[in-house]
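Report on the structure given below.
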Amino acid sequence: MEGQRPEEEARDPGRACPNCGSRIGEDWEFCPVCGIPLVPWCTFCGAELPPGAAECPECGMPRKGTVCPRCGTLNARSFCRNCNEPLTRAARREVERALEDPLFLRAAELAVKLAEDFSEPDTSAPAELPPDILRLKELLSAVKFGSPQSPQKDTPAPVESAPVAAVRSRSREEMRAEYERMKAELNSILGRMTPPPGSTPQQQRNYYSARNIPVLKKIRVKVAWICNFCGCWHNDPDECVRPDLKGRWVYDDKIVIEHKEL
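Put into structure tokens, the structure is as follows:
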């Protein structure tokens with residue numbers, strides 16, 4: 056529409072990002088591809104922005120976003136959308152509060168132990184932990200060794216780590232029962248972690264981002280398709296010369312990482 060401002064035009068359904076041309080949703084605050092803000096307010100703190108302002112008069116963050124010093128991603132919010140690095144003063148303060156939160160520390164302990172014990176239960180070699188879990192271990196180490204930003208008070212008792220040999224000798228049923236017990240405790244804690252009443256949308260996002268707990272979920276994935284024609288293993292039925300004779304899928308358990316939706 057003639058005379059329509061870029062911010063308003065970008066927010067129309069079916070529109071494209073005015074910066075990179077990617078398709079964007081009607082109520083999106085910023086483009087997920089290039090990171091440019093699409094709304095007339097500060098995406099970091101929520102303050103109204105004067106027309107043509109290069110930075111927010113409230114929090115001082117640049118209108119065009121900020122580059123994460125950890126991974127180089129352009130961001131329009133207080134935490135990096137790629138690696139979750141805190142990028143603003145408010146974000147760093149929220150991380151400090153999280154490190155004083157017994158619920159978060161207990162959830163972090165459980166998440167790390169679940170990843171270490173159950174990522175590769177049938178192998179003797181240690182599994183390579185996901186980046187999100189490694190970041191949790193960094194935070195827990197900061198609390199344990201008393202970094203300046205992480206007080207040691209109210210720290211919950213650490214989860215006892217069983218010897219590797221003992222873990223390997225447990226039956227699959229015992230391991231599954233232990234997994235479900237720890238998973239249930241972790242989910243219970245996550246359900247109790249809520250922002251203070253009256254928090255703004257930006258403060259709520261900061262609260263959850265600072266307490267970003269990856270939740271492990273065990274799923275069944277297709278490994279191969281065994282045909283009835285010759286018993287060969289295929290990636291899918293179309294690879295067989297006689298898919299009409301049918302066959303069966305072979306499945307395997309896999310642990311994936313999920314995050315609490317904001």
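Take 56 as the starting number for the sequence shown in our numbering and just add one per residue.
Every residue, glycine too, gets a C-beta built ideally from N, C-alpha and C.
Here the structure is a predicted model, which is why all the values come from computation and not from measurement.
What are the boundary residues of the alpha helix (DSSP H) that P256 is part of? P256 to A265
Which listed residue (P186, Y263, L160 and R227) has its alpha carbon closest to that of S196: L160
Would you check if the distance between the CB atom of A232 and the CB atom of L191 is smaller than 8 Å? no
Helix, strand or coil, according to DSSP, for R322 in the structure here? A question about residue 322 goes unanswered here, because the residues of the chain that appear run from 56 up to 317.
Considering Cα atoms alone, identify which of S77, S264 and V94 is closest to N139. S264
Compute the distance between the beta-carbons of G120 and P92, then report whether it is under 8 Å. yes
Where E284 sits in the DSSP three-state scheme: The amino acid at residue 284 is misidentified as Glu; the sequence shows Phe. Three-state DSSP puts F284 in coil, outside helix and strand.
With distances taken between CB atoms, is the gap from V198 to L154 smaller than 8 Å? yes
Identify the continuous alpha helix (DSSP H) that holds V150 and give its terminal residues. R144 to A153
Which word fits C86, buried or exposed, when buried means at least 16 other C-beta atoms lie within 10 angstroms of its C-beta? buried
Helix or strand or just coil, what does DSSP make of C75? coil
Whole-Å CB distance - Y262 paired with P252, under 8 Å assumed: Contact flag wrong, Cβ pair sits at about 12 Å.
On a CA-only basis, which of V305, P269, K272 and Q259 is nearest I281? Give me that one, please. V305
Element boundaries [alpha helix (DSSP H), containing R247]: R227 to R247
Below 8 Å on the Cβ atoms is my guess for E313 versus K272; work out the distance and round it to an integer in Å. 5 Å
Of the choices C89, K309 and G246, whose alpha-carbon is the least far from that of G76? C89
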